[in-house]
Every structure is written in C-alpha cells, then in structure tokens.
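For the record, the sequence lines run as chains B and R.
For the first sequence, this note's numbering gives the first residue as 8, with consecutive numbering after it.
For the second sequence, this note's numbering gives the first residue as 8, with consecutive numbering after it.
Glycine included, every Cβ here is placed at the ideal spot set by N, Cα and C.
One structure below.
2 protein chains.
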Amino acid sequence: MTDLVTQLRDILPANAVLTDAADRAAFETDWRKLYSHQALCVVLPETTEQISEIIKLCAASGAKIVPQGGNTGLVAGGVPAAGGNQVILSLARMRKIRDFDPVGDTITVEAGVTLQAVQEAAEARGKKFPVSLGAEGTAQIGGVISTNAGGVQVLSYGSMRAQVLGLEVVLPDGRIWHGLRALRKDNTGFDLKQIFIGGEGLLGIITAACLKLSPAVTEHATALAGTASVEGALKLFQALRDTAGAALTLCEYMSGPAMALGAAHVRAGQPPFAAPAYVLAELSGHGASDHVAATLEAVLASALKDGTATDAVIAQSDRERRDLLVLREAVPEGKLKEGGAIKHDIAVPLGAIPETVAAVEALLAAKYPDCRLNVFGHIGDGNLHVNIRPPAGRTLADLADRKAEITTDVEALAVARAGSFSAEHGIGQMRLAGMQAHKSTVELDLMRALKRAIDPQNLLNPGKMLPEA
Amino acid sequence: MTDLVTQLRDILPANAVLTDAADRAAFETDWRKLYSHQALCVVLPETTEQISEIIKLCAASGAKIVPQGGNTGLVAGGVPAAGGNQVILSLARMRKIRDFDPVGDTITVEAGVTLQAVQEAAEARGKKFPVSLGAEGTAQIGGVISTNAGGVQVLSYGSMRAQVLGLEVVLPDGRIWHGLRALRKDNTGFDLKQIFIGGEGLLGIITAACLKLSPAVTEHATALAGTASVEGALKLFQALRDTAGAALTLCEYMSGPAMALGAAHVRAGQPPFAAPAYVLAELSGHGASDHVAATLEAVLASALKDGTATDAVIAQSDRERRDLLVLREAVPEGKLKEGGAIKHDIAVPLGAIPETVAAVEALLAAKYPDCRLNVFGHIGDGNLHVNIRPPAGRTLADLADRKAEITTDVEALAVARAGSFSAEHGIGQMRLAGMQAHKSTVELDLMRALKRAIDPQNLLNPGKMLPEA
C-alpha cells in the first residue's frame, strides 16, 4: 500500500495525506467512541477533481474508501469498518460557499461546510436554513445530506432531504455527476439526487449541494406545558398542529424522568414546574404581527381548560425563550452526565406513541427489572429517543452483556407497530443487525441491486448500511 | 399472443381483459390525442396479487407492460409506444381507500383512486390534501405519484413527492414490495420509494400509497394584481414569499396576452382591470383570525405604493374569491379554444425568469416571426408554460413541420440558464428527444443503470423516459 500512499501524495497538496497513527486517530474513531478501526491513511482533498483522482487510484489498487464529514454521526457510518484496506476521505477541506441566490432563495455550498456555517450564511443574508441539530457546529453538510439528518424542526420544514435541490457527486468510477441544480421543479427522468441523500456514502461522494432557504423568522412564540402523560402530550401536539399548521416549527416531548436528569446535572435545566410529562413548543411567523403568540395562547388556554395541559409557561422575552429551549438541550446532557444509556432512535405512527411507550415499560418490567427508562423526542414526527439506563447503583458497563438483546427487543416493539428502528440516525455499522432482523428479503434485494448497479466493486463505505447477503 | 390473453383471462375477473379494438381505443390514445399505438389487450386487475400474476405471465410470454392511471398525462407516458407486444395494465379498478389516520394525519389509498377523491376524502375528515391540478377529477393517484405531478400549490406544500410517506409496489419480477409506511422519519437504508416516485412506471407498478395530509385551511386571502412586466410579477412574488412564508399557497403568473385569450373565449375569464402582466396570489391560514388577510393587504399596499403593482383587487367574499381563481383556469382553456399552441413546460432559477421570457421573445422575432407567445405559470416555482401560437390567420397544423425545431430551441433556452426542459409534465414519449439532447452521458448512464438493476428485461413501460443507448 506504500505505492497507493505515494500516488495519493503525488496528486494532493502537502499535508493532505495523513499516515501517522497519531494523525489518523481522530478520524478512525466514531463520535461516541464505540468503533475504531485502522485506516491505510486519511486524505484531505480540496477539490472535486482531486476526489475523482483519489477514487480512481484507490479503485486501481483495490483499496476501499470511507467518506467522512464532521464525524458526528451516531451509528459509526463515517469511520472504517473491520476488514482493513480502507482510505478515509475527509471532506473537511471542501469548505467554500459557492453561491447565494437571494431571488431563488438558494445557497450552494461544498460538502465540508458545517451545518452551523450554512445557518449563519443564510442568516447574514436575511434568510433561514431550517435544519438544526445538536452537533451542528461540527457536522458537515455532506454528512448531513448523506445521513438525511433530522433534528428539531422536521415537523414544519422536513428533514435534510426536503432542503436539497441539487447535488454534485463523484461516482465510484471517478466520474463527476454535475447535478447542482437550483430548480424547484424538474421532472426529467429519475430524480437521481434522491439515491445519494440518505445513501450513507455507499453510492457516491457528495462534494457540493444546492440548498433551499426559507424566509427569515421574525416572531417566535415559545411555551413549555406539562401534561399528565404521554397521551396528553400527543393530544396537545395535535391541537397545536391543527391550529397552527406549518407555523408549528418545534414540538418536543420530554418525560418527567428525562427532565429530572437534565435538572439534576445542568444548572439551566430546572423546569419552572413539575409534571409527569412535558411539551416544549414553538410557533414561528414571518410577518410583523403577534399572530403566532395569539395562536399559541389560545391553544394553551383551551388545553388548560379541558385538562389536556396541567400547567404552562409562555416565554415573554427572548431571554425567557432561551431559558425554555435550554431545558430541551439539558435532557440528553443530563442523561450523559448521569452515566449514559443504551440508546434507541425509533419512530412509530403518531397514534401508536402511547402504546409504544407502554410496551417499552412493560418490556422492562418483565425482562429487565430495575432498568430505568428515559424517553424524549420529536413527538410531531413520531420519533422517540428511547434510552434504557442501568438499575440504580449500577453502571452502563454492567449492562454490556445484555445490550444487544435489549436493543433487539426495543427495535422489535417499534417494528411491530409499523415503525422504524432507526428514525433519524441511520444504519452505519451500529444498526446492521437491525437491517438483517427487520427488513424483508425484497427490500434488502432492492437495496443491494442499487448498490451493485452504481458501485459494482463495492468501493465506497464497505461494511455500512447493507448486511452481507 | 392468444395464449397470453387466455392465461390472463384465467386469473382475472370477468370483463377484466379487453381485446376488442373499440374497447381498447380509449386506453391506447393519450390525453392530447397525439400518440396512439395498438396494445395486445387491456387488463383491469382489482388486487395487488392479480397485478403480480399479470407481470409474471407477461414476462414469461415476452410481452411488455404499460401501466396506466387516469391517462391524463401530457407526454404520452401511459399509453403504448411503437413496437407492439404491449399489454396496458389499467389501475382504474384499484380504488379502495384502505385507511385514514386522524392522529398521524395520513390516508392510505389504492393507485386507482382519483386525486379529487383523495382531496374529498381528506376534506370529509377535516383535513386537506394539497396537490391540485386541472385533471384532478380523472387523474389517478398512482399516476400522479409516478409522474411526481405538481400543480398550483407546490410552492407551499411541495410536489407529489413531498406528500408520499410509503408505497406498495409490484416489481418487474412479480414480487411485491410492502413499503406502505406511515412514518415521518425512517432512515433505514436507501429510501426506496424515491425511485418509484416520478419513475414513470419504468421500475415498478405502484399499487397503493400512504399520503400525508395537511391541516384544513380555514381562511383564505386571495388577490389579483397587475404589474408592468414579468419583472414586476417576480418582485411581487418575492415580497409575498418573504412576508407570508409557507402561508403563500398560490402564486400564479399570467401574461397579458394569455389573460386576453381567456377573456376572449371564457365567459368568466374577464379580468377586473387591464395590465401587461398579472399575478394571482392566495394566502391560507389554519386559525380563526384574519391574519392572512391583513398580511396580503399590507404587501399589496406596499407594492402599489412603490410601483411594483399597478393595480390590485382583493376578494371580499367566497364568491369573489372563486371569480378570481376562475381567471387562472380560463387561461389554458382560452388558449385551447383559440386553436391551441406548441406547449412547453420549462423551469429556471427564479431570478432567470425575466431573461428567459425575453430570450423566447427574441427567438420568435429572429427565427419564427409572427408566431405569438402565450406564457403563464407557477412563478414561485420558476415554472413557465411557454406556448407558441401560430401567426394570425394560420392554424397549429400550419406549424407542424417546424414544431420539433421550435421545441428544441425553447428547451435549449431553459437548459442554457441551468433550467429544466420538463418541469412538471415528465418525459414519457414526447420529451425523449429532450433527454437525448440535454442530459449528460453520466446522467443517462446512471438512469440506465438503475433501470437495468431493477428491470433487467425491460418489461415495464418500454419506449418511455430513457432514450435508447
């Protein structure tokens, strides 16, 4: 492989091929530090053409390629799998903002631009880029697209897929697909960008994207409500959705125990009242009126009157708004500081949310007594982060030998309700067992046929998403 | 082929295999009556399993299959191509509404349910299905999905693709993909439904779909404005979009000449004032306030003050609203009654709209003098219907020998501006020359690779979308 490294050095700028173990380390280990495999080297190209050349050299030498963005994924999809012979291709140096179109409301950026940089670029131009998630300061747009990331504003704006108008992609044969269109409508053949969005880097390397921007938000109305149960939280979401429509830009559910861990470990994590369940909701408006505030007040007044909500606080200032939003951020942080949990990212049809939570509780009671449940999530998307914590006085390490079994059980509860075992985090290496367990033969065959059609040599991101046949 | 007909009769209900020329005729000819080729027979299955059996029988006998919905497509994608040996598979008898979920806001319908029936089913349940287009009383949901149809509300709700949560599809090998999910988020492998949406029936036969519903609209604010030019219309759209955001649910552009033809031929087509260009806009709200009316009034007042709009009328009643909306419908009707036109359905980045219209005018002046331009379209999507009418005193038939050349020229003007030569109508048979002329080798190769991977025998809808290599 020395040959390949030499060849790569020949075509790339200085310091763009890392071979020392110390230099490679951060690229070889995933965000959650659960997976680590050695790479042949790490390459840091600066142009699409360099990526094309890298692919051709790797293909010729029989090496595989692992595309990597900000390495913030939660399923180890952007780090090497076992098996060796893999080059990590980091998009970190592809970070130009290529174009901004104020009439068409689009921005064209290279894959290595961070999500936060896209948000800031939009804001500086009086627009909004609506995808928002915890790791946005580090996550790169190429990875955000390749994983079809979600986050907290999907219910109004859609996930990352809904923001992408066009892509530039280097294909496994080294050719470049120039699909960087800025069109709202284009029915000329198969919509090829769709197979790369959420494709986890198996079919091509996204090098740039043209993204939709949304009008800037000029008014917010934000509230925290308490409900007696998850049923009440779902009912409150429905009332908000049916009255506010697309103006409902955030609706998060937090169980009482999830909030309690935030409160225990984060200074700003103290909720203004105690409740068995919480809903954090925000309405957004584009005009100058106080319409969304009036709508939020009316829905909450009605919910308090009919008992759907047991308590509610509406932010009266930007400061109070921040204080409420921070409560949601404190929840995963509190869980982590308490010692972590076995994480699951499931989705079910919205009506099945209460019975799914009940089924998880019943599962724990029957099979994993004393394990503790910590649930929060994007209730309007039917997306629950189901975290299983060890019994009091025990650590996560004590649960290690039961982890796979717990995960299989929780995933099965979602799938049995026509749900998803990975709503927004994807498959990567971590959820491969779920693909094998829950996907039909027809579906796996179709996916494998796609992979073979576009990447017959299995050059890109081996050992991810698709279990071996 | 008598054998195949006999075999089909054996597995299908009585009267589900049509072989008489008179019975076949309506299925063999496209909506615009431009394409007609003989089919072996027409089959009218009632279940997904029957469709699976039909595919297997056709594959075994070497016959091809042309899936057909309401046959309202404008590019002859749902009728046989030349070459014979094709069975038309009509989805018309697959018309059950399988499920409605008021909590998840979803409806699950079979492919043969008309678009209007879906809208009405949603409305009867207090919800809205937002895709709307002229042929909605006849167009079937399977065809609307297979062509990723657009219509007049794309700018707020997205095209058909954005409404689809899950699909049931019969594959070219006869297997059924049970992908009828009702989830808002599901990142478990490639998002397979995306290849069938807008796939024009080349990869599988959509037999049922789970669709997103939207909250019912409880308030409308509708206006017609006059502007001095298409530049003014674009500027007015931007002001509406930036102030109203997703509440702007309709924004249509009509040139003065386009409106004049509506007025000349349709009793209800008289605009309340004369202008060089018109914008028909509607804002929609979900609450009970008069917020959208206030927003619309404010934007129009500002546009009248700064000269962007030269005139404006806001509907003051439901009756007046209907009267304004009918003006848009009169435009294509008037054009047809005047004798029709060579039609184009292009899209460009929004900022390129004025120069594209100017370029078409310059093209006509230079190369097709006396031909007359009739433009209208979905300005917020950058989507223009560019219709070229014959010189005064001549008929469309007189232009027949220049039709292909005119179309190539108009399409090229859009493509040269990073636009699309078929924004919402698709390719079918009619736009195949455009695919050959305007698509890159890389893009055509990718599309053909997809087709080969899923339908290696080229069983489904031959002679559509993909020009022969």
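DSSP places B/Val171 within a strand segment (E or B) once states are collapsed to three. Taking a cut-off of 8 Å for Cβ pairs, the stretch 101-115 of chain R and the stretch 215-225 of chain R touch, as three or more such pairs fall below it. Contact with chain B is absent for R/Arg132, since none of that chain's Cβ atoms lies less than 8 Å from the residue's Cβ. Residues Ala275 of the same chain have their beta carbon placed closer than 6 Å to that of B/Val333, with the five preceding and five following residues left out of the count. In chain order, Trp38, Ala142, Thr145, Ala146, Gly150 place their CB closer than 8 Å to the CB of R/Thr79, counting only its own chain and leaving out the 5 sequence neighbours on each side. Within the stretch 171-189 of chain B, the residues whose Cβ lies closer than 8 Å to some Cβ of chain R are Leu178, Arg182, Ile183, Trp184, His185, Gly186, Arg188, Ala189, listed in chain order. Identification of residues in the stretch 146-160 of chain B having a C-beta nearer than 9 Å to some C-beta of chain R yields Thr154, Asn155, Ala156, Gly157, given in sequence order.
Using a C-beta cut-off of 8 Å, the stretch 193-202 of chain B makes contact with the stretch 437-455 of chain R, since at least three inter-stretch Cβ pairs fall below that distance.
Membership of R/Gln75 in the beta strand (DSSP E) is indicated by the continuous run 71-75.
For R/Ser59, the secondary structure class from DSSP, reduced to helix, strand or coil, is helix. B/Asp330: not part of any beta strand (DSSP E); member of the alpha helix (DSSP H) spanning 325-344, first to last residue. Annotation for R/Met472: no alpha helix (DSSP H) segment contains it, and DSSP assigns it neither H nor E. At a Cβ-Cβ threshold of 8 Å, B/Arg105 and B/Pro52 do not count as neighbours.
The Cβ atoms of B/Val73 and B/Asn468 sit closer than 8 Å to each other. Following the DSSP letters along the chain, one finds B/Asp112 in no beta strand (DSSP E), marked with neither H nor E.
For the stretch 78-98 of chain B, there are no residues whose beta carbon sits under 7 Å from a beta carbon of chain R. Take the alpha-carbon of B/Pro339 and the one of B/Ala265: they are about 8 Å apart. The beta carbon of B/Pro74 does not come within 8 Å of any beta carbon belonging to chain R, so the residue lies off that interface. Close to chain R, meaning a Cβ-Cβ distance shorter than 9 Å, are the following residues of the stretch 371-403 of chain B: His385, Gly387, Asp388, Gly389, Asn390.
Against B/Thr415, chain R offers no close residue; the least beta-carbon distance is about 15 Å (beta-carbon pairs closer than 8 Å). By DSSP's assignment, R/Arg379 forms a beta bridge with R/Arg396. Per the DSSP secondary-structure output, R/Asn390 pairs in a beta bridge with R/Ala354, R/His385.
The Cβ atoms of B/Arg335 and B/Glu259 lie closer than 8 Å to each other. R/Ala354 has its alpha-carbon roughly 18 Å from the corresponding atom of R/Met472. Under the 10 Å beta carbon count, R/Gln75 is surrounded by 16 or more other beta carbons and is classified as buried. From the beta-carbon of R/Lys192, the residues of chain B found nearer than 8 Å are Gly157, Val161, Ser166, Ala354, His385, Asp388, Gly389, Asn390, Ser427, Ala430, Glu431. Between R/Ser166 and B/Lys135, the beta carbon gap of about 22 Å keeps them out of contact (Cβ cut-off 8 Å).
The C-beta of B/Arg459 has fewer than 16 other C-beta atoms within 10 Å across all chains shown, which makes the residue exposed. Here R/Pro356 has Gly389, Arg424, Ala425, Gly426 as same chain residues with Cβ atoms under 8 Å from its own Cβ, once five neighbours each way along the sequence are excluded.
The Cβ atoms of B/Gln277 and B/Ala267 lie no closer than 8 Å to each other.
In the three-state scheme derived from DSSP, where H, G and I count as helix and E and B as strand, B/Thr250 is classed as helix. By the beta-carbon neighbour count (other beta carbons within 10 angstroms, threshold 16), B/Leu231 is buried. Closest by C-alpha distance to B/Lys63, out of B/Pro179, B/Val224, B/Tyr164, B/Leu370, is B/Pro179. Taking the Cα positions, B/Ile434 is about 28 Å away from R/Asp108. Here R/Lys342 is buried, its C-beta having at least 16 other C-beta atoms within 10 Å. Using beta-carbon distances, B/Thr54 does not count as an interface residue toward chain R, since no partner is under 8 Å.
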